[in-house]
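Inspection log for the structure reproduced underneath, given as structure tokens.
In this note's numbering, the protein residues as written are 42 to 805.
This is the structure:
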């Protein structure tokens, strides 16, 4: 009897499993009916989840992964589960990435690359066209109907760019909302203002369906204006002359999508404010009002000649470091004349927006955690920052002081700020490259008749810094290389040179802001000598351990008979050639050099290993001609002695916890410095010195510069130099006030020579 009942139950279950998908298939949304899938799932069905009855959530999980990639997990019927990789495609990944708040997918993974999930496998044989609003609208076998194991869990890799309006960084409530406000703009009604960027004043419009719609201004407040200005990249708002606009708008036919907006002023996007949508088929949707108009105050970097007597200032106690683009980076704050970082505990968009606005940008697009813009060095000053959103500075927000157990630099907070649209990317392009990240640089120019054409940029003197600006203008991240010859990218018919003598500091927003010749002067004017770039999403960042230099410095009188190898590698001053070899000695200023890579990509030599040179004396290959400069200078900046790594063996001497070594010089191994590792040259290694035999007693400045010619791209070149005050009495050496690049404030720099020093530890 028992067996018979089981057979009946099994037969019923089998019939149900065959019948249910057919019924479900009849509920397929209309957009699915027009698709032509390349492969049909088995069996063909769509999930029956209704957004009105249950809210679907999506998240990325697994290890190891970055914030924008991972194993896909869905929260359905109170339980998290995964998706099987059968029939998975880039179209599926695009749908999921958009649900997670990213603009698109760059790839997908199979076979549980991010580890095996647990619990249900909710979906299998998923087939999306790519345009669905949610994964629930794609064809599949149905919820919980899978023949997979967790060894087949699917993952996605999303493009690291957020959809405007999304606020959660990982777990996303994916309820489909046709009214969701994503894009907002200002439409200028003044003819002259339309041509100038950025647009700072105009009618507020929101993207709706295939066009733009207006917002009724009934009940509109300055708080709403503050939010709109912030999301458009402006830190402040201004009063607007409504009477002027009323005359214009009365003659226009407006389509109102929003009837009212009630922001508190601390929101980072209009979508986060309480909104009332205009009702359909209503004749008068804004009776007694007009379209909302706002006027915004741009930050100092984006101000035109607007006649303002008093321009707003940018904070001098907060800065962003390590970002590829303007308005993004690791948050650093100044305290007691020394820069430090902020811990990411409780770091959110309100706190990030306060930082963005005090730096002259709009509200925050993203509040980034986990040292996403690289790890800082030195102190961590703030923890659990709790800004409300209206503070003038992050220093006005409640926060906790750091204890040694609270935070590490792996938890440094970062931001991406909203910037005004400037259109810089429209006047530059790359041609001939294998990918969109590389190619010959071409600029758009206009002649006296207004005819526009593309010309080339002269490659003479073109370097990594100029390439940095070009990559930023193209919104392609960091510069990996700046190229002075591009004959191998000769795919364009553009031959005219329109810019030469380009010299950038590296911080400009476009090449037009860099110094360049008034009239083109290019000795090698052929197209094959035009400037080119290779851009990258990530870059390394080297920084010297300044305290270690100060702790390990000492003087050694070294016999000449022990310096033959050093002489061969040009590590002694010129007067050594006239010495009575092998008798006598040289006086050496020695110290240890520990160089950290705190960036987001490994530091590797520019030259390939085929061009490395073997030096038998020291028993290793030299991978760079010059890696570090060591200079002793007098008060007016003249060098009195110098040392340098004429070439260098780059390797991982040690790494922070959880990071593995990847580079080792021995046996013709790969050379470089891994992110999170450092290369240590101890004070007792050959050439780790400055030959000061000919230096007289006095006061000097010791300067150490890493990657001095910027041969290898870095995210930040301002931290490549270290300076110390140096006192030499003919027998002993004192170093004091050692600091890295702009690690100290301008005030501290002015006090550089006056700072009291102490005798350094002596190493026998």
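Don't be surprised by glycine CBs; every beta carbon is placed ideally from N, CA and C. Keep in mind it's a predicted model, so treat the numbers as computed, not measured.
Where DSSP assigns a beta bridge to residue i, which residues make up the other side?
{"i": "residue 595", "result": "631"}
{"i": "residue 423", "result": "383"}
{"i": "residue 140", "result": "In the DSSP output, where bridge partners are listed per residue, residue 140 has none listed."}
{"i": "residue 728", "result": "Per DSSP, none; premise fails for residue 728."}
{"i": "residue 179", "result": "DSSP output for residue 179 lists no bridge partner at all."}
{"i": "residue 638", "result": "583"}
{"i": "residue 338", "result": "277"}
{"i": "residue 672", "result": "683 and 744"}
{"i": "residue 34", "result": "Since the displayed the chain opens at 42 and closes at 805, residue 34 lies outside it and no answer follows."}
{"i": "residue 588", "result": "Beta-bridge pairing links residue 588 to no other residue."}
{"i": "residue 522", "result": "575"}
{"i": "residue 600", "result": "626"}
Starting from residue i, follow the alpha helix (DSSP H) in both directions and report where the run begins and ends.
{"i": "residue 431", "result": "Residue 431 -> no alpha helix (DSSP H), and no H or E assigned at all."}
{"i": "residue 458", "result": "Here residue 458 belongs to no alpha helix (DSSP H); instead the beta strand (DSSP E) covers 455-458."}
{"i": "residue 267", "result": "263-272"}
{"i": "residue 608", "result": "605-609"}
{"i": "residue 529", "result": "That residue, residue 529, is in no alpha helix (DSSP H); it is neither H nor E in DSSP."}
{"i": "residue 505", "result": "505-514"}
{"i": "residue 393", "result": "390-399"}
{"i": "residue 287", "result": "283-290"}
Since residue i and residue j are thought to touch, with beta carbons under 8 Å apart, how far apart are those beta carbons, to the nearest angstrom?
{"i": "residue 748", "j": "residue 583", "result": "6 Å"}
{"i": "residue 355", "j": "residue 381", "result": "Rounded, the Cβ-Cβ distance is 19 Å, inconsistent with contact."}
{"i": "residue 457", "j": "residue 369", "result": "4 Å"}
{"i": "residue 640", "j": "residue 580", "result": "6 Å"}
{"i": "residue 521", "j": "residue 576", "result": "6 Å"}
{"i": "residue 134", "j": "residue 153", "result": "No, residue 134 and residue 153 are not in contact; Cβ-Cβ is about 16 Å, not under 8 Å."}
{"i": "residue 721", "j": "residue 695", "result": "7 Å"}
{"i": "residue 110", "j": "residue 100", "result": "Wrong, their Cβ atoms sit about 12 Å apart, outside the cutoff."}
{"i": "residue 245", "j": "residue 268", "result": "In fact, because the Cβ distance is near 10 Å, the residues do not count as touching under 8 Å."}
{"i": "residue 754", "j": "residue 505", "result": "5 Å"}
{"i": "residue 314", "j": "residue 386", "result": "Not confirmed; about 27 Å, so no contact."}
{"i": "residue 222", "j": "residue 141", "result": "19 Å between Cβ atoms; not a contact."}
Could you spell out the range, first to last residue, of the beta strand (DSSP E) harbouring residue i?
{"i": "residue 369", "result": "369-376"}
{"i": "residue 765", "result": "762-769"}
{"i": "residue 297", "result": "297-302"}
{"i": "residue 116", "result": "110-117"}
{"i": "residue 225", "result": "225-228"}
{"i": "residue 778", "result": "774-781"}
{"i": "residue 624", "result": "Note, residue 624: premise wrong, no beta strand (DSSP E); not H, not E."}
{"i": "residue 416", "result": "First-last for residue 416: undefined, no H or E at that position."}
{"i": "residue 493", "result": "493-498"}
{"i": "residue 407", "result": "405-409"}
{"i": "residue 842", "result": "Residue 842 cannot be examined here, being either before or after the span of the chain that is shown, 42 to 805."}
{"i": "residue 469", "result": "469-473"}
{"i": "residue 255", "result": "252-256"}
{"i": "residue 100", "result": "98-102"}
From the options, pick the residue whose C-alpha is nearest to that of residue i; which is it?
{"i": "residue 428", "options": "408, 392 and 417", "result": "392"}
{"i": "residue 482", "options": "389, 507, 412 and 113", "result": "507"}
{"i": "residue 371", "options": "159, 399 and 409", "result": "409"}
{"i": "residue 680", "options": "104, 434, 743 and 273", "result": "743"}
{"i": "residue 343", "options": "461, 419 and 273", "result": "461"}
{"i": "residue 526", "options": "559, 509, 411 and 565", "result": "565"}
{"i": "residue 510", "options": "494, 470, 284 and 490", "result": "470"}
{"i": "residue 528", "options": "514, 472 and 504", "result": "472"}
{"i": "residue 540", "options": "562, 550, 547 and 523", "result": "562"}
{"i": "residue 674", "options": "335, 739 and 250", "result": "739"}
{"i": "residue 271", "options": "487, 292, 404 and 400", "result": "404"}
{"i": "residue 361", "options": "765, 118 and 759", "result": "759"}
{"i": "residue 610", "options": "463, 727, 773 and 432", "result": "727"}
{"i": "residue 666", "options": "700, 253, 478 and 652", "result": "652"}
{"i": "residue 112", "options": "132, 151 and 184", "result": "151"}
{"i": "residue 259", "options": "334, 597 and 251", "result": "334"}
{"i": "residue 279", "options": "434, 693 and 340", "result": "340"}
{"i": "residue 228", "options": "336, 304, 657 and 378", "result": "336"}
Under 8 Å: do the region 482-502 and the region 559-574 share three or more Cβ pairs, one atom per stretch? yes
Does the region 526-535 come close enough to the region 775-784 that 3 or more CB-CB pairs lie under 8 Å? no
Segment contact, 8 Å Cβ cut-off, at least three pairs: the region 387-405 with the region 426-443: yes
Across the region 762-780 and the region 726-745, are there enough close Cβ pairs to call them in contact, namely three or more that are closer than 8 Å? yes
Determine, using beta-carbon pairs with one atom in the region 161-172 and one in the region 123-137, whether at least three such pairs fall under 8 Å. yes
Would you call the region 591-604 and the region 629-641 touching, i.e. three or more CB-CB distances under 8 Å? yes
Any contact between the region 400-416 and the region 447-457? By contact I mean 3 or more CB pairs, one from each, below 8 Å. yes
Does the contact criterion of 3 or more C-beta pairs under 8 Å hold for the region 292-312 versus the region 325-333? yes
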